[in-house]
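Reading through the structure tokens given below for one structure.
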Amino acid sequence: MTSFQHGIVIVGAGQAAAQAAQSLRTGGCTAPILMLGEEAAPPYQRPPLSKAYLSGAMGLDRVVLKPLETWAAEDVNVRTGVRVAGIDRSARTLATTDGETIAWDKLILATGSRVRRLAIPGSTLDGVFYLRTVADVDDLRARFAPGARLAIVGCGYIGLEVAAVAVKAGLSVAAIEAAPRVLARVAGEEISAFYEAEHRAQGVDVRTGAGVSGITGDGAVTGVALSDGTTIPADIVLIGVGIVPNQELAADAGIVCADGIVVDAASRTSDPDVYAIGDCARRHLELYDRTMRLESVHNAIEQAKLAAADILGHAPPALETPWFWSDQYDLKLQTAGLSQAHARTVLRGDPAARRFAVFYLDADDRVLAVDAVNSGPEFLAGKQIVGRKGRLAPDVLADTSLSMKEIAARAA
Ligand code: FAD
39 MTSFQHGIVI VGAGQAAAQA AQSLRTGGCT APILMLGEEA APPYQRPPLS
89 KAYLSGAMGL DRVVLKPLET WAAEDVNVRT GVRVAGIDRS ARTLATTDGE
139 TIAWDKLILA TGSRVRRLAI PGSTLDGVFY LRTVADVDDL RARFAPGARL
189 AIVGCGYIGL EVAAVAVKAG LSVAAIEAAP RVLARVAGEE ISAFYEAEHR
239 AQGVDVRTGA GVSGITGDGA VTGVALSDGT TIPADIVLIG VGIVPNQELA
289 ADAGIVCADG IVVDAASRTS DPDVYAIGDC ARRHLELYDR TMRLESVHNA
339 IEQAKLAAAD ILGHAPPALE TPWFWSDQYD LKLQTAGLSQ AHARTVLRGD
389 PAARRFAVFY LDADDRVLAV DAVNSGPEFL AGKQIVGRKG RLAPDVLADT
439 SLSMKEIAAR AA
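Position in the sequence shown (from 1) plus 38 gives the number in my numbering.
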């Protein structure tokens, strides 16, 4: 690594930023590292926000990745409550909203994403919430009281995780989804049907194929109006309809963006001294030969490691099959790979036993992805099979008399 005059500046202080700083230091980087994050908390993990942090089972001390003192001891300067307003690529500086100018030799953009806001009548009423940050959860949880009526707009992972926590906390919960099934963007029909039935059995009023025309209320929320004319009464509304990448800093600086900051295999943007990692970046995935944004902890960590290795002049780390998880009730869903382009699915195990997996195959029986419910071996072996583009006959995958180890050994 060349010696730096000003050092490495990381914009954003989330999962990806934290991993980048850590990988740089453990990789032997001696240059100054400065991390600038606009939130009040030091870098923290977001997955518990809609799970154990929302339920109260996990406190902020366990959500935070490391306290500020530990970062200082590792010689990483983490500054919270600082928002970066602009980048000057020719001067190799950035400006904060407080008017400070900071020089950098290498810049890492780890700005994450923000919630997609719904521009519908009533969306600014008191009692309407989104969920992205610790502060969002603190505000939402303050309204959680047994008997309170919560309407969730959007049945993706976050919406359904919140539904599970809320119904257990004694709230009356309705979950509204415009698509014909829950989790439609991320999972196959078997998984959607299973989770829909599970939420209904737990007492959630699940409405699919239901468009939302507005939120009713006068000052405070009283309900959610559906396109078919019905209104679902509510005291609280949580909107979870996806995220948009925070790419404006890069775009305004003339860096190539296309629904995400476009990066190469080393996480470099169109400016080779500027990297982009995590939710804000669009990368090429060799495994599926397509470019995309991945919104996951796995991606944030992997891209951070790739950027750090490139800055240090080290060989890149081996790539992992994309993975994800979701906790709802006593169900652990673990996903490996991307199922979107599948031609057929194979069910292994019994959904009624709350322990099963759905494998997603292309037309040539290549295993593209697996969704495993309470099924660790299916997830682990499936991840490995997906990663080596393995092919398997559907009847072999479905045969529960064979262990996943035996099945993985048969993958062509
Ligand atoms: P972030 O963690 O969002 O960090 C970006 C930070 O940059 C933010 O703090 C932001 O405020 C800051 N920032 C942005 N712009 C500026 C600026 N101009 N100046 C200063 N700071 C700035 N993934 C999983 O794999 N499994 C899960 O179960 C899972 N559950 C999730 C549950 C919830 C509720 C949420 C919100 C996400 C979940 N995810 C999950 C996704 C995962 O948390 C994200 O993919 C991951 O946090 C992305 O990390 P990141 O560092 O790219 O972005």
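Beta carbons are placed, not taken as given, at the ideal position from N, Cα and C, and that holds for glycine.
Inter-residue Cα distance where the pair is residue i and residue j
i: residue 443; j: residue 134; result: 53 Å
i: residue 416; j: residue 377; result: 15 Å
i: residue 410; j: residue 363; result: 9 Å
i: residue 373; j: residue 77; result: 30 Å
i: residue 369; j: residue 412; result: 6 Å
i: residue 233; j: residue 375; result: 20 Å
i: residue 359; j: residue 327; result: 13 Å
i: residue 159; j: residue 56; result: 38 Å
i: residue 306; j: residue 98; result: 33 Å
i: residue 68; j: residue 422; result: 36 Å
i: residue 298; j: residue 104; result: 28 Å
i: residue 222; j: residue 439; result: 31 Å
i: residue 140; j: residue 125; result: 10 Å
i: residue 194; j: residue 216; result: 11 Å
i: residue 334; j: residue 437; result: 31 Å
i: residue 131; j: residue 142; result: 6 Å
i: residue 179; j: residue 151; result: 22 Å
i: residue 387; j: residue 418; result: 15 Å
One or two residues paired with residue i in a DSSP bridge
i: residue 321; result: 330
i: residue 295; result: 299
i: residue 82; result: 102
i: residue 366; result: 369
i: residue 212; result: 189, 243
i: residue 513; result: Outside the displayed span of the chain (39 to 450) sits residue 513, for which this structure offers no information.
i: residue 142; result: Partner(s): none; residue 142 has no beta bridge.
i: residue 73; result: 48, 116
i: residue 276; result: 167, 190
i: residue 271; result: 261
i: residue 125; result: 132
i: residue 252; result: 263
8 Å Cβ cutoff met for residue i and residue j
i: residue 404; j: residue 382; result: no
i: residue 53; j: residue 338; result: yes
i: residue 247; j: residue 218; result: yes
i: residue 269; j: residue 280; result: no
i: residue 396; j: residue 435; result: no
i: residue 227; j: residue 366; result: no
i: residue 355; j: residue 304; result: no
i: residue 249; j: residue 264; result: yes
i: residue 320; j: residue 296; result: yes
i: residue 164; j: residue 258; result: yes
i: residue 101; j: residue 91; result: yes
i: residue 117; j: residue 74; result: yes
i: residue 408; j: residue 425; result: no
i: residue 144; j: residue 46; result: yes
i: residue 230; j: residue 244; result: no
i: residue 432; j: residue 406; result: no
i: residue 62; j: residue 349; result: yes
i: residue 237; j: residue 186; result: no
i: residue 115; j: residue 81; result: no
i: residue 301; j: residue 314; result: yes
i: residue 96; j: residue 86; result: yes
i: residue 282; j: residue 170; result: no
i: residue 65; j: residue 352; result: yes
i: residue 342; j: residue 58; result: yes
Cβ-based neighbour list, residue i, same chain, cut-off 7 Å, excluding 5 preceding and 5 following
i: residue 235; result: none
i: residue 149; result: 49, 50, 284, 287, 318
i: residue 174; result: 167, 168
i: residue 183; result: none
i: residue 123; result: 133, 134, 135
i: residue 309; result: 127, 293
Same chain only: Cβ atoms within 6 Å of residue i, ignoring 5 sequence neighbours per side
i: residue 172; result: 79
i: residue 204; result: 188, 211
Sequence-distant residues of the same chain with beta carbon closer than 8 Å to residue i, five excluded per side
i: residue 191; result: 156, 197, 214, 250, 262, 275, 276, 277, 278, 279
i: residue 254; result: 160, 260, 261, 262, 263, 269
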